[in-house]
Ligand code: TYM
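In the numbering used here, the protein residues as written are 919 to 1250.
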């Protein structure tokens, strides 16, 4: 690989990506390929921390892989692979888990949320999930991790684990930096703008899926919860409008001041329609490209097989050194 900084990120294959996934993370992954060495991964090992139907998981994993390509990740420029194809992630995760404290994991807000939502299955994997995420990143000694704001706490833990390992065994891991967008790091639910937009929300109107057709996108935006004023401006307390303005800004490239003047004197109806249309038009080519790619199973297979080979070769070098550092006997 060229001598550039290294980026790593991943996404769970739990259905179609949301507009939150897209704006907070995935939309940046394509452009970053020109400036950095990029490694991107569909994290199926993470997905099974909550119950999955095996048939659907396989389908969702293939779809997520094709969708990343449709969103601009180019397997010729980046290493794009499926996590379970590369055994080093699980291997490193074990070693890192022996360098992670129970107390640290207990403080993870995502664990607290998910263990409430899946109270019938609070399994050990759900608890140690952030260690596997740290392993994903550290197995490549990544410099930067492009994610949405909700992953910040996990990333801080990954940094702590790396620093602790370095103190104990001598400097080795790169301590990764988060790469979180200034606008759009936290896309909120369209129905309750104090909550994060999430595909696990029971109300389908709360969440735009990036494969939603134009009418559906516009309909969901028209129903978005706002406030009783009629002023399109970014201000504390206007969570619904702030969210729509952030979405519109990231999609059109317009800043808040120009959005405010564009909609001065107009009602929320006009604004919601404009946001809906801008988002739908933006997503249209992604949908078309996804339809094309997802039919070409042989091509996808070739891409993910090559991606896994490259990822394994790279991470194996790192993990072998870790084995030596912790005192395991060389096999050969
Ligand atoms: P996941 O699959 O939940 O989400 C993928 C990416 O989308 C971002 N995101 C959002 N951004 C803004 N607004 C939202 N409403 C929103 N919802 C989701 C997430 O921040 C994430 O960047 N643990 C990770 C996957 C992972 C990973 C990694 C990421 C596993 N290993 C290593 C980076 C590096 C997760 O569950 O993301």
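Think of the CB as a built atom: it goes at the ideal place given N, C-alpha and C, for glycine as much as any other residue.
Worksheet item: So, does the CB of residue 1102 fall closer than 7 Å to a CB anywhere in chain D?
Response: Judged by its chain identifiers, the structure shown contains no chain D, having just a single protein chain.
Worksheet entry | 8 Å CB neighbourhood of residue 920 in its chain, flanking five on each side removed | Here residue 920 refers to the residue found at position 2 when the chain shown is read from its first residue. Once the five neighbours on either side are set aside, the close Cβ partners of residue 920 are 955.
Discussion item. What does the Cβ neighbour count give for residue 879, buried or exposed, with the cut at 16 atoms within 10 Å?
Written reply: Residue numbering for the chain in the displayed model covers 919 to 1250; residue 879 lies beyond these limits and cannot be assessed.
Worksheet entry | Backbone CA spacing between residue 1058 and residue 942 [nearest angstrom] | Along the chain shown, read from residue 1 onward, the residue named residue 1058 stands at position 140. Along the chain shown, read from residue 1 onward, the residue named residue 942 stands at position 24. Straight-line Cα distance between these residues: approximately 22 Å.
Worksheet item: According to DSSP, which residues form a beta bridge with residue 1064?
Response: In the chain shown, counting from the first residue as 1, residue 1064 sits at position 146. DSSP output for residue 1064 lists 1097 as bridge partner(s).
Discussion item. Using 7 Å as the threshold, is the C-beta distance between residue 1140 and residue 1184 below it?
Written reply: As a position in the chain shown, residue 1140 is number 222, starting the count at 1. As a position in the chain shown, residue 1184 is number 266, starting the count at 1. Cβ atoms of residue 1140 and residue 1184: not closer than 7 Å.
Practice prompt. Mind checking who residue 1223 pairs with in its DSSP beta bridge?
Written response: Working through the chain shown from its first residue, we reach residue 1223 at position 305. Partner(s): none; residue 1223 has no beta bridge.
Item to complete: Tell me residue 998's beta-bridge partners as DSSP assigns them.
Response: Within the chain shown, numbered from 1, the residue matching residue 998 stands at position 80. Bridge partners of residue 998: 958.
Item to complete: Please indicate yes or no: does the CB of residue 1123 lie closer than 6 Å to some heavy atom of ligand 1?
Response: Here the question's residue 1123 lines up with position 205 in the chain shown. Result no, Cβ not under 6 Å from ligand 1.
Practice prompt. Using the Cα positions of residue 979 and residue 1030, report the straight-line distance between them to the nearest angstrom.
Written response: Looking up residue 979 in the chain shown gives position 61. Looking up residue 1030 in the chain shown gives position 112. Their backbone Cα atoms lie some 26 Å apart in a straight line.
Practice prompt. Please report the residue range of the beta strand (DSSP E) in which residue 1124 lies.
Written response: In the chain shown, residue 1124 corresponds to position 206, counting from 1. Careful: residue 1124 lies outside any beta strand (DSSP E) and carries neither H nor E.
Item to complete: Compute every distance between the C-beta of residue 938 and the non-hydrogen atoms of ligand 1, then say whether any falls below 6 Å.
Response: Walking along the chain shown from the start, residue 938 turns up at place 20. Yes, ligand 1 has a heavy atom inside 6 Å of this Cβ.
Worksheet item: Relative to the alpha-carbon of residue 1152, which residue among 1101, 935, 1055 and 1169 has its alpha-carbon at the smallest distance?
Response: On the chain shown, position 234 is the one that residue 1152 refers to. Selected option, being the one with the closest Cα: 1101.
Item to complete: Would you kindly report the start and end of the unbroken alpha helix (DSSP H) that includes residue 1108?
Response: Against the chain shown, residue 1108 aligns to sequence position 190. Careful: residue 1108 lies outside any alpha helix (DSSP H) and carries neither H nor E.
Discussion item. Looking only at its chain, what residues have a beta carbon closer than 8 Å to the beta carbon of residue 1165, apart from the 5 residues adjacent to it on each side?
Written reply: Along the chain shown, read from residue 1 onward, the residue named residue 1165 stands at position 247. Cβ neighbours of residue 1165 beyond the five flanking positions: 937, 941, 1102, 1105, 1193 and 1197.
Worksheet entry | Buried versus exposed call for residue 1155 [16 or more other C-beta atoms within 10 Å across all chains shown] | By 1-based counting over the chain shown, the position of residue 1155 is 237. So residue 1155 counts as exposed.
Discussion item. Pairs of beta-carbons, one from the segment 1165–1183 and one from the segment 1223–1237, closer than 8 Å: are there three or more?
Written reply: no
Worksheet entry | DSSP beta-bridge partners of residue 924 | Indexing the chain shown from 1 puts residue 924 at position 6. Looking at the DSSP assignment, residue 924 forms a beta bridge with 955.
Worksheet item: Hey, is residue 1200 close to ligand 2, as in C-beta under 6 Å from one of its heavy atoms?
Response: The model on display carries ligand 1 but not ligand 2.
Discussion item. Buried or exposed for residue 1203, going by 16 or more other Cβ atoms inside 10 Å?
Written reply: Taking the chain shown and counting its residues from 1, the one referred to as residue 1203 is at position 285. Classification for residue 1203: exposed.
Fill in: Status (buried if at least 16 other CB within 10 Å, exposed otherwise) for residue 1223
Locating residue 1223 in the chain shown gives position 305, where the first residue counts as 1. Classification of residue 1223: exposed, given that the 10 Å Cβ count is below 16.
Discussion item. So, at 6 Å on beta carbons, what are the nonlocal neighbours of residue 1052 in its own chain, with the 5 sequence-adjacent residues on each side left out?
Written reply: What you label residue 1052 is simply residue 134 of the chain shown in a count that begins at 1. Around residue 1052: 1014, 1076 and 1079.
Discussion item. As an exercise, report each continuous beta strand (DSSP E) stretch of at least 3 residues that is fully enclosed by the segment 978–1044, in chain order.
Written reply: 997–1000
Worksheet item: In or out: residue 1233 buried (at least 16 other Cβ within 10 Å) or exposed?
Response: In the chain shown, residue 1233 corresponds to position 315, counting from 1. Buried, since its Cβ has 16 or more Cβ neighbours within 10 Å.
Worksheet entry | residue 1018 burial status per 10 Å Cβ neighbour count (16 or more: buried) | On the chain shown, residue 1018 is found 100 positions in, with the first residue counted as 1. Buried: at least 16 other Cβ atoms inside 10 Å.
Worksheet item: Based on Cα-Cα distance, which residue from 1097, 1061, 967 and 1008 lies nearest to residue 1036?
Response: Position 118 of the chain shown, counting from 1, holds the residue named residue 1036. Comparing Cα-Cα distances from residue 1036 to each of 1097, 1061, 967 and 1008, the minimum goes to 967.
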